[in-house]
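Trainee:
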Ligand code: GDD
Ligand code: MG
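Numbering (this note's numbering), first residue to last: 15 to 348.
Here is the structure:
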């Protein structure tokens, strides 16, 4: 599955930090914000991300030299001029030829919504588009959404005037879209998805929305950018980052979430490690995926291990797919 990530904003409110670094490339607890976001997309089965870049592409082009982030291929769509949100999505989608259900994310938010659940909600509704919704205290700076009991959007108001709506539920900036939505976005045209495309879909009754109370923060202001960092180290955010031991060698394109990496461990290019412990001295090959596993030994490239326990002498062959296995098998070992 493809995802388009919008990274075209100017980051005005985070100046002077964004004079040197675009907002999505600023680190949150030592990991680029964009990497946090792509790691979440990766856990939902996204294989390819297109960065929709409105201006100043260079820092993005240099950020992922291998063209891989969190085990996901990264593509670049640089608009001839900033095309606004819908224009940017359409430009990026046509750039890589998206022709099936895809995900879109605003690049300036950080959230732990379960994207696989959002895709499932979208499919079960037979919607043309599905928004993720989150509650906020003051919705005036956001896209405010009114939904019916079945989860269909009845009204979408971008940056409402006081009194225009009583809803406190907002567009959280993650969407699942069918490629037919691109028919509403003429090529090369500057167009806002929030002000034009979503209201048109509401009128057609094809826009659904799934609320969730998962961690969500808009990192665009100094105080929220600071908060996003502190939330990760003080445990407010449940999907905490990882603990990494001394002298561990971790390839910059590897994605490590909610895991512990021991001293001297080696983690290869493009690995995706989630809810796991890599013990001191373990060697994890390129593009390995580890989930809920404990590893002391060596894992060959392209292997996928789910709920496995790997001892210090074990060498898992490249390309293996193991689930709920202990290697070596303690039942057969004296
Ligand atoms: N490529 C590209 N080109 N990206 C763009 C452009 C453009 O011309 N204009 C905006 N973007 C990107 C921004 O970088 C950001 O990631 C995303 O599109 C949304 O634009 P913002 O300018 O940040 O909008 P906002 O924060 O006022 O409101 C949006 O986000 C809210 C949630 O944080 C809307 O989607 C609201 O409806 C939503 O509630
Ligand atoms: Mg924003």
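Just so you know, even glycine gets a beta-carbon here, dropped at the ideal spot from N, CA and C.
Since this is a predicted model, take the numbers as computed values, not measurements.
#1: Using 10 angstroms around the beta-carbon of residue 76, count the other beta-carbons present and answer buried if the total reaches 16, otherwise exposed.
#2: Counting along the chain, where does the beta strand (DSSP E) carrying residue 71 start and finish?
#3: So, using beta-carbon positions, are residue 146 and residue 226 closer together than 8 Å?
#4: Apply the 10 Å Cβ neighbour rule to residue 153 and answer buried if 16 or more other Cβ atoms are within range, or exposed otherwise.
#5: So for residue 162, helix, strand or coil by DSSP?
#6: Within a Cβ cutoff of 6 Å, which residues of the same chain sit near residue 302, ignoring the five residues on either side of it in sequence?
#7: Going by Cα to Cα distance, which pick from 232, 292, 242 and 322 is closest to residue 120?
#8: Less than 8 Å between the CB atoms is what I'm expecting for residue 100 and residue 66, so what's the real figure, rounded?
#9: Could you tell me which residues DSSP pairs with residue 87 in its beta bridges?
#10: Taking the alpha carbon of residue 274 as the reference point, which residue from 239, 310, 267 and 160 has its own alpha carbon closest?
#11: Compare the beta carbon distance of residue 293 and residue 319 with 8 Å and say whether it is the shorter of the two.
#12: So, for residue 209: in the same chain, excluding its five sequence neighbours on each side, which residues have a beta-carbon less than 6 Å away from its beta-carbon?
#13: Closest to residue 115 by CA distance: which of 196, 27 and 246 is it?
#14: Just to confirm the assignment, what range does the alpha helix (DSSP H) spanning residue 105 have?
#15: Between the Cα of residue 70 and those of 46, 36 and 79, spot the shortest distance and give me the residue it belongs to.
#16: Below 8 Å on the Cβ atoms is my guess for residue 265 versus residue 282; work out the distance and round it to an integer in Å.
#17: With DSSP run on the structure shown, which of helix, strand or coil describes residue 94?
#18: Once the 5 residues before and after residue 349 are set aside, which same chain residues still bring their CB inside 8 Å of it?
#19: Let's see if you can read the secondary structure: which residues bound the alpha helix (DSSP H) around residue 6?
Mentor: Checking against the coordinates, here is how it stands:
#1: It is exposed - the Cβ of residue 76 has fewer than 16 other Cβ atoms within 10 Å.
#2: No beta strand (DSSP E) holds residue 71; DSSP gives it neither H nor E.
#3: Against a cut-off of 8 Å, the Cβ pair of residue 226 and residue 146 comes out as a contact.
#4: Residue 153 should be labelled buried.
#5: Of the three classes helix, strand and coil, the one that applies to residue 162 here is coil, per DSSP.
#6: Taken in chain order, the residues that qualify are 285, 313 and 317.
#7: Restricting attention to 232, 292, 242 and 322, the CA atom closest to the CA of residue 120 is found in 232.
#8: 11 Å between Cβ atoms; not a contact.
#9: According to DSSP, residue 87 bridges with 62 and 82.
#10: Of the candidates 239, 310, 267 and 160, the residue whose Cα lies closest to the Cα of residue 274 is 310.
#11: In this structure, residue 319 does not lie closer than 8 Å to residue 293 by Cβ.
#12: Its chain contains 172 as the residues whose beta carbon lies nearer than 6 Å to that of residue 209, once the 5 sequence neighbours on both sides are disregarded; these appear in chain order.
#13: For residue 115, the nearest C-alpha among the options comes from 196.
#14: Per DSSP, residue 105 is one residue of the alpha helix (DSSP H) stretching across 98-110.
#15: Closest by alpha carbon: 36.
#16: 6 Å between Cβ atoms; contact.
#17: When secondary structure is reduced to three states using DSSP, residue 94 falls in the coil class, being assigned neither helix nor strand.
#18: As shown, the chain starts at 15 and ends at 348. That puts residue 349 outside it, with no answer to give.
#19: In this structure the chain extends from 15 to 348, so residue 6 is not present and cannot be described.
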